[in-house]
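For the first sequence, my numbering assigns the number 1 to the initial residue and increments by one for each residue that follows.
Report on one structure; see the data block that follows.
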Amino acid sequence: MRDFRWAARPRQSPYMSTHTPSVVPESPALEGLEARFTERWQREGTYLFDRTRPRAEVYAIDTPPPTVSGSLHVGHVFSYTHTDIVARFQRMRGKAVFYPMGWDDNGLPTERRVQNYYGVRCDPSLAYDPAFVAPETPAKPPISVSRPNFIELCIKLTVEDEKVFEHLWKYLGLSIDWSMTYATIAPPAQRVSQLAFLRLLERGEAYQVEAPTLWDVDFKTAVAQAELEDREMPGAYHRLRFGRPDGTFVEIDTTRPELLPACVALVAHPDDVRYLPLFGQQVVTPLFGVRVPVLAHALADPEKGSGIAMICTFGDTTDVTWWRELRLPVRAVIRPNGTLGAVTWGAPGWESADAARAQAAYDHLAGLSAKKAQAKIAELLAESGDLVGAVRPITHNVKFFEKGDRPLEIITSRQWFIKTLDEREALIARGREMQWHPEYMRTRFENWVHGLNGDWCVSRQRFFGVPFPIWYPVRADGSIDHDTRLVPSDGRLPVDPSIHVPEGYTEGQRGRPGGFAADPDVMDTWATSSVSPQLVTGWERDPALFAATFPMDLRPQAHDIIRTWLFASVLRAHLENGSIPWQHAAISGWVLDPDRKKMSKSKGNVVTPLGLLEEYGSDGVRYWAARGGPGVDTAFDVGQMKVGRRLSMKLLNASKFVLASRAAGAPVSEVLDRGMLSHLATLVADSTRALDDYDYTRALMNTESFFWEFCDDYVEL
RNA sequence: GGGCGGUUAGCUCAGUUGGUAGAGCACCGGCUUUACACGCCGGCUGUCACAGGUUCGAGUCCUGUACCGCCCACCA
Numbered sequence: 001m002r003d004f005r006w007a008a009r010p011r012q013s014p015y016m017s018t019h020t021p022s023v024v025p026e027s028p029a030l031e032g033l034e035a036r037f038t039e040r041w042q043r044e045g046t047y048l049f050d051r052t053r054p055r056a057e058v059y060a061i062d063t064p065p066p067t068v069s070g071s072l073h074v075g076h077v078f079s080y081t082h083t084d085i086v087a088r089f090q091r092m093r094g095k096a097v098f099y100p101m102g103w104d105d106n107g108l109p110t111e112r113r114v115q116n117y118y119g120v121r122c123d124p125s126l127a128y129d130p131a132f133v134a135p136e137t138p139a140k141p142p143i144s145v146s147r148p149n150f151i152e153l154c155i156k157l158t159v160e161d162e163k164v165f166e167h168l169w170k171y172l173g174l175s176i177d178w179s180m181t182y183a184t185i186a187p188p189a190q191r192v193s194q195l196a197f198l199r200l201l202e203r204g205e206a207y208q209v210e211a212p213t214l215w216d217v218d219f220k221t222a223v224a225q226a227e228l229e230d231r232e233m234p235g236a237y238h239r240l241r242f243g244r245p246d247g248t249f250v251e252i253d254t255t256r257p258e259l260l261p262a263c264v265a266l267v268a269h270p271d272d273v274r275y276l277p278l279f280g281q282q283v284v285t286p287l288f289g290v291r292v293p294v295l296a297h298a299l300a301d302p303e304k305g306s307g308i309a310m311i312c313t314f315g316d317t318t319d320v321t322w323w324r325e326l327r328l329p330v331r332a333v334i335r336p337n338g339t340l341g342a343v344t345w346g347a348p349g350w351e352s353a354d355a356a357r358a359q360a361a362y363d364h365l366a367g368l369s370a371k372k373a374q375a376k377i378a379e380l381l382a383e384s385g386d387l388v389g390a391v392r393p394i395t396h397n398v399k400f401f402e403k404g405d406r407p408l409e410i411i412t413s414r415q416w417f418i419k420t421l422d423e424r425e426a427l428i429a430r431g432r433e434m435q436w437h438p439e440y441m442r443t444r445f446e447n448w449v450h451g452l453n454g455d456w457c458v459s460r461q462r463f464f465g466v467p468f469p470i471w472y473p474v475r476a477d478g479s480i481d482h483d484t485r486l487v488p489s490d491g492r493l494p495v496d497p498s499i500h501v502p503e504g505y506t507e508g509q510r511g512r513p514g515g516f517a518a519d520p521d522v523m524d525t526w527a528t529s530s531v532s533p534q535l536v537t538g539w540e541r542d543p544a545l546f547a548a549t550f551p552m553d554l555r556p557q558a559h560d561i562i563r564t565w566l567f568a569s570v571l572r573a574h575l576e577n578g579s580i581p582w583q584h585a586a587i588s589g590w591v592l593d594p595d596r597k598k599m600s601k602s603k604g605n606v607v608t609p610l611g612l613l614e615e616y617g618s619d620g621v622r623y624w625a626a627r628g629g630p631g632v633d634t635a636f637d638v639g640q641m642k643v644g645r646r647l648s649m650k651l652l653n654a655s656k657f658v659l660a661s662r663a664a665g666a667p668v669s670e671v672l673d674r675g676m677l678s679h680l681a682t683l684v685a686d687s688t689r690a691l692d693d694y695d696y697t698r699a700l701m702n703t704e705s706f707f708w709e710f711c712d713d714y715v716e717l
């Protein structure tokens with residue numbers, strides 16, 4: 001009990017105030033409590049962080065900044081309630097709780113929403129128009145606007161979205177310090193993202209390279225391994241025959257015959273006796289007459305298809321591995337928009353035994369999407385007799401960008417990467433420095449780190465995000481010297497290189513020979529949100545605050561973004577600060593609908609949270625949320641919210657009774673009283689232990705059980 | 001193919017070192033006119049997914065299987 005005495009608190013209890021007369025209402029009600037307490041907490045600064053306290057007395061929380069352009073759903077209410085329980089517990093323990101809120105407004109979801117909401121498209125080639133005003137209703141056809149204008153609209157809309165979120169969080173009763181709110185697109189966040197990036201660059205931990213990259217053909221941007229998902233898609237095996245020097249054929253199976261013009265080799269397993277005689281020989285591609293070598297590589301699976309595959313630049317990530325390890329040339333046909341580009345057969349790199357025939361065949365394909373080209377080339381191959389047997393439909397997993405609509409392609413492009421592959425063991429060690437709630441979530445982190453197969457691609461060919469603070473000199477011939485980087489001094493950050501000018505240059509030199517060119521890309525949304533611990537704790541901005549709050553205590557988040565946000569945050573703190581970003585990672589589960597499916601917008605089963613809060617009371621909904629332990633997926637259950645609402649009413653009524661009948665200052669002598677107090681002491685000890693262990697569910701169960709006994713037995717007696 | 005969770009009353013879930021199966025909701029029956037009908041008291045409900053094993057004793061530990069969910073993988 002001693003832990004809960006009022007004197008131990010840094011400031012007034014949120015629940016008692018000398019400013020409010022302690023009049024016990026005639027008939028207590030839940031209605032209106034949210035608004036009343038929101039107002040009072042705001043007025044009294046109840047949850048303001050006390051930055052005079054030393055690190056040991058601080059509990060710092062790295063709250064997830066919700067994507068404001070996304071929809072609010074009960075999943076948010078669920079997990080943010082869990083964090084709030086921890087925050088309130090730590091506050092009761094006497095800690096100064098550092099509990100800021102952020103808004104994630106970067107990225108594709110915002111761009112998509114702005115495009116639809118205003119009827120605009122971003123055209124980076126246009127100049128900024130200060131007089132531009134968005135139309136009242138979405139323009140049709142969409143108006144093209146410059147990147148700065150587009151970003152203005154993104155900010156305008158996200159500000160509105162943030163108000164809706166803030167109202168919900170306040171109504172829900174989250175004990176956040178609203179004076180420290182940040183937005184991931186605002187200048188302070190941009191500055192930290194850019195500064196941290198420049199530090200990576202200085203240390204050689206970020207680099208730029210032109211290489212095959214996973215690419216979304218609709219968004220026309222590179223994407224990272226962490227943003228991939230597999231989807232089951234119909235496909236079809238096509239068996240193609242390649243000509244051998246002796247006039248016979250070798251047959252290969254492929255699901256992507258449209259990449260035949262991009263074929264650079266055939267490959268089979270080195271131990272595959274069927275193909276031993278072929279290794280080192282050359283074969284000729286059908287239709288295009290390209291001579292390609294037959295090579296051996298252990299990744300080729302003798303069991304799959306005919307056991308020999310064509311390597312194309314690039315059909316999938318295995319092609320990239322083969323291409324790299326077997327040192328093959330590039331013959332790229334897929335363009336960034338997903339169509340087959342123009343090719344001059346017979347030109348260097350496109351040598352053919354029969355260039356005229358190759359050109360004739362290819363002209364049927366040029367300009368088509370991969371899907372249409374596939375059907376067309378199947379026709380052409382059938383006509384030429386090079387398609388063996390019938391096409392065999394199958395269902396297989398195809399890689400998609402998680403927000404994308406068409407399968408990913410692999411396109412060679414210039415991208416920024418952060419070194420991760422070399423850090424794998426160090427990251428796993430960092431993961432072991434942290435405590436995970438529940439513990440088994442650590443395994444997911446380790447599995448992900450072990451499964452990394454490349455460095456982290458952090459550049460995106462998009463508009464609404466943090467730009468790379470980089471320019472390049474333009475050579476006398478007008479080409480861009482990507483190997484020389486012009487970087488701004490720290491004091492100028494944040495910069496937008498498409499608006500600002502590198503030191504020593506004038507705007508008139510932009511894009512001119514002898515002048516400069518801006519890096520056109522923005523950072524991946526995770527590249528910016530992964531420095532949220534540094535951003536909120538005042539890294540390189542407020543040394544005293546940083547010393548008092550970093551490394552932080554808690555990162556609460558959902559398990560589906562362990563591979564993205566959590567992983568990236570651990571990486572950034574490891575590289576930048578040589579430490580873990582937080583001591584504890586609390587991983588919340590999902591809210592499942594009654595059919596045990598994840599509640600999601602696409603399934604149309606999302607319930608608006610504010611409506612629930614109004615119907616059952618914030619306390620009723622929080623009660624339901626608190627029953628879902630760390631990591632545990634929890635069913636959406638209004639029955640439990642009703643129980644929570646009843647419990648809240650009971651609490652008010654019992655309080656009314658006790659407050660109306662309390663005896664002042666009398667020593668406790670009755671056995672009945674002493675027994676109750678003894679049980680209470682045990683409850684407090686157990687609950688404190690449970691909450692220290694992030695087991696708020698157990699604390700709730702025990703406390704609720706005690707409370708009912710208190711009412712039904714002790715109060716009745 | 002690899003990994004991680006889960007499977008306990010009609011529903012939602014507890015069950016901390018192995019010691020006679022629990023709560024809430026729902027259902028049924030009573031009660032209650034001043035804290036609370038948003039209440040109180042009582043009752044009904046289980047091959048603890050399945051099969052082996054360890055043990056005096058297994059919901060709990062071990063092995064395997066099935067199903068559900070999630071994550072991952074170099075599925076031509």
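Each residue gets a CB set at the ideal place from its N, CA and C atoms; glycine is no exception.
Exercise for review: Give me the Cα-Cα distance between S648 and E704, rounded to the nearest whole angstrom.
Suggested key: One-based indexing of the first sequence puts residue 648 at position 648. One-based indexing of the first sequence puts residue 704 at position 704. When only Cα atoms are considered, S648 and E704 end up about 11 Å apart.
Point to revise | Cβ pair W103, A183 closer than 7 Å | key: Position 103 of the first sequence, counted from the start, is the residue given in the question as residue 103. Position 183 of the first sequence, counted from the start, is the residue given in the question as residue 183. With contacts defined as CB atoms closer than 7 Å, W103 and A183 qualify as a contacting pair.
Check your understanding: In its own chain, which residues sit with a C-beta less than 7 Å from the C-beta of A7, not counting the 5 before and 5 after it?
Key -> Here residue 7 is taken as the residue at index 7 of the first sequence, counted from 1. With a pLDDT of 28 at A7, under the threshold of 50, the modelled position of this residue cannot be trusted; read the value that follows with caution. If we look at A7 and ignore the five residues flanking it on each side, it has no Cβ neighbours.
Check your understanding: Cα-Cα, which of A347, V536, A189 and F468 is closest to I61?
Key -> Counting from one through the first sequence, the residue named residue 61 turns up at place 61. When only C-alpha atoms are compared, the closest one is V536.
Check your understanding: Which residue or residues does DSSP assign as beta-bridge partners of N397?
Key -> For the purposes of this step, residue 397 is identified with residue 397 of the first sequence, where counting begins at 1. Beta-bridge pairing links N397 to E232.
Review point. Can you list, in chain order, the residues of its chain whose CB lies under 7 Å from that of P138, leaving out five sequence neighbours each side?
Key: Locating residue 138 in the first sequence gives position 138, where the first residue counts as 1. Excluding sequence neighbours, P138 sits near N116, Y117, Y118 and G119.
**Study point:** Residue(s) in a DSSP beta bridge with H584
**Key:** The residue you call residue 584 lines up with position 584 of the first sequence. Partner(s): Q435 and L554.
Review point. Out of curiosity, what's the CA-to-CA distance linking P64 and A518?
Key: Your numbering for residue 64 matches position 64 in the first sequence. Your numbering for residue 518 matches position 518 in the first sequence. For P64 and A518, the distance between alpha carbons rounds to 31 Å.
Review point. Straight-line CA distance for K603 to D593?
Key: Reading the first sequence from its first residue, position 603 is the one you call residue 603. Reading the first sequence from its first residue, position 593 is the one you call residue 593. At K603 the pLDDT is 47, less than 50, meaning the model places this residue with poor confidence and gives no usable figure here.
Review point. Can you tell which of P469, T285, F314 and E303 has its C-alpha closest to the C-alpha of L200?
Key: Position 200 of the first sequence, counted from the start, is the residue given in the question as residue 200. Measuring from the Cα of L200, the nearest candidate turns out to be P469.
Practice item. Using a threshold of 7 Å, state whether the C-beta atoms of P473 and D481 are closer than that. Key: As a first step, residue 473 must be located in the first sequence, where it is residue number 473. As a first step, residue 481 must be located in the first sequence, where it is residue number 481. Against a cut-off of 7 Å, the Cβ pair of D481 and P473 comes out as a contact.
Practice item. Report the option in Y623, G385 and R485 whose CA atom is closest to the CA atom of E202. Key: Along the first sequence, read from residue 1 onward, the residue named residue 202 stands at position 202. When C-alpha distances from E202 are compared across Y623, G385 and R485, the shortest belongs to R485.
Review point. Cβ of T525 within 7 Å of Cβ of A226?
Key: If you number the first sequence from 1, residue 525 lands on position 525. If you number the first sequence from 1, residue 226 lands on position 226. Using a Cβ distance threshold of 7 Å, T525 and A226 do not count as a contacting pair.
Point to revise | Check whether R274 and V388 have beta carbons under 7 Å apart | key: Position 274 of the first sequence, counted from the start, is the residue given in the question as residue 274. Position 388 of the first sequence, counted from the start, is the residue given in the question as residue 388. Result no, Cβ atoms of R274 and V388 do not sit closer than 7 Å.
Review point. What does a CB cutoff of less than 6 Å around H437 pick up in its chain, not counting 5 residues either side in sequence?
Key: As a first step, residue 437 is located in the first sequence; it is residue number 437 there, counting from the start. Only A586, P630 and Y694 meet the Cβ criterion.
Review point. In whole angstroms, what separates the C-alpha of K211 from that of R424?
Key: In the first sequence, the residue the question calls residue 211 occupies position 211. In the first sequence, the residue the question calls residue 424 occupies position 424. It should be pointed out that residue 211 corresponds to Ala in this sequence rather than to Lys. Between A211 and R424, the C-alpha separation is close to 22 Å.
Check your understanding: Between the segment 249–264 and the segment 280–292, do three or more beta carbon pairs fall short of 8 Å?
Key -> In the pairwise beta carbon analysis, the segment 249–264 is classified as touching the segment 280–292: at least three pairs are separated by under 8 Å.
Check your understanding: DSSP state of V719, grouped into three classes?
Key -> The requested residue 719 does not occur in the structure, where the chain is confined to residues 1 to 717.
Practice item. Measure the C-alpha to C-alpha separation of A265 and F314 and round it to an integer number of angstroms. Key: Here the question's residue 265 lines up with position 265 in the first sequence. Here the question's residue 314 lines up with position 314 in the first sequence. Distance between the alpha carbons of A265 and F314 is about 12 Å.
Review point. Using the rule of at least 16 other Cβ atoms within 10 Å of the residue's Cβ for burial, across every protein chain shown, is V671 buried or exposed?
Key: Taking the first residue of the first sequence as position 1, residue 671 is located at position 671. By the 10 Å Cβ count, V671 comes out exposed.
Exercise for review: Taking the CB atoms as reference points, tell me whether D386 and R244 lie closer together than 7 Å.
Suggested key: Residue 386 sits at position 386 when you count from the first residue of the first sequence. Residue 244 sits at position 244 when you count from the first residue of the first sequence. Not closer than 7 Å, so no.
Check your understanding: To which residues does DSSP link M523 through a beta bridge?
Key -> On the first sequence, position 523 is the one that residue 523 refers to. Partner residues in the beta bridge of M523, as assigned by DSSP, are S459.
Exercise for review: Could you pull the start and end residues of the alpha helix (DSSP H) that W624 belongs to?
Suggested key: By one-based count along the first sequence, residue 624 stands at place 624. It spans P609 to A626 - the alpha helix (DSSP H) in which W624 sits, taken as one unbroken run.
Check your understanding: Sorted by chain position, which residues of the same chain lie with C-beta nearer than 7 Å to V77's C-beta, five sequence neighbours on each side aside?
Key -> Counting from 1 along the first sequence, the entry for residue 77 is found at position 77. Answer for V77: L172, P609, V621 and A625, listed in chain order.
Check your understanding: Three-state secondary structure (DSSP) at S27?
Key -> Taking the first sequence and counting its residues from 1, one reaches residue 27 at position 27. It is coil, neither helix nor strand.
Check your understanding: Are the segment 682–691 and the segment 700–717 touching by the rule of at least three beta carbon pairs closer than 8 Å?
Key -> Three or more pairs of CB atoms, one per stretch, sit closer than 8 Å, so the segment 682–691 contacts the segment 700–717.
Practice item. Assuming A718 contacts F401 (C-beta within less than 8 Å), just tell me the rounded distance between them. Key: Nothing can be reported for residue 718: it is not among the residues displayed for the chain, which extend from 1 to 717.
Point to revise | Start and end residues, beta strand (DSSP E) containing T443 | key: For the purposes of this step, residue 443 is identified with residue 443 of the first sequence, where counting begins at 1. In the DSSP assignment, T443 falls outside any beta strand (DSSP E) and within the unbroken alpha helix (DSSP H) covering M441 to H450.
Check your understanding: Assuming Q640 and M434 make a contact with CB atoms under 8 Å, what is their CB distance in whole Å?
Key -> Counting from one through the first sequence, the residue named residue 640 turns up at place 640. Counting from one through the first sequence, the residue named residue 434 turns up at place 434. About 31 Å; that fails the 8 Å criterion.
Review point. Where does R617 land, buried or exposed, given buried means 16+ other C-beta within 10 angstroms?
Key: Looking up residue 617 in the first sequence gives position 617. Sequence check: residue 617 is Gly here, not Arg. Buried, because 16 or more other Cβ atoms sit within 10 Å of the Cβ of G617.
Practice item. Could you give the DSSP three-state label for Q12: helix, strand or coil? Key: Residue mapping note: residue 12 aligns to position 12 of the first sequence, counting from 1. For Q12, the predicted structure reports a pLDDT of 38, less than 50, and the residue's modelled location is therefore unreliable. A value from the coordinates is still provided. The answer is coil: DSSP assigns Q12 none of H, G, I, E or B.
Review point. By the 10 Å Cβ neighbour count, where 16 or more other Cβ atoms means buried, how is H82 classified, buried or exposed?
Key: Here residue 82 corresponds to residue number 82 of the first sequence, with the count starting at 1. So H82 counts as buried.
Practice item. Classify H297 as helix, strand or coil using the three-state DSSP reduction. Key: For this step, residue 297 is matched to residue 297 along the first sequence. Reduced to three states, the DSSP call for H297 is coil.
Review point. Closest by CA to V58, which one among D553, Q42 and V68?
Key: Sequence index remark: in the first sequence, residue 58 carries index 58 (1-based). Nearest option by C-alpha distance: D553.
Check your understanding: Which same chain residues, not among the five before or five after E108, have their C-beta less than 7 Å away from its C-beta?
Key -> Mapped onto the first sequence, residue 108 falls at position 108. Looking at the sequence provided, one finds Leu at residue 108 rather than Glu. The residues are F219, K403 and R462.
Check your understanding: Exposed or buried, what is E379 when buried is set at 16 or more other beta-carbons lying within 10 Å of its beta-carbon?
Key -> Walking along the first sequence from the start, residue 379 turns up at place 379. Counting Cβ neighbours within 10 Å, E379 comes out exposed, since fewer than 16 surround it.
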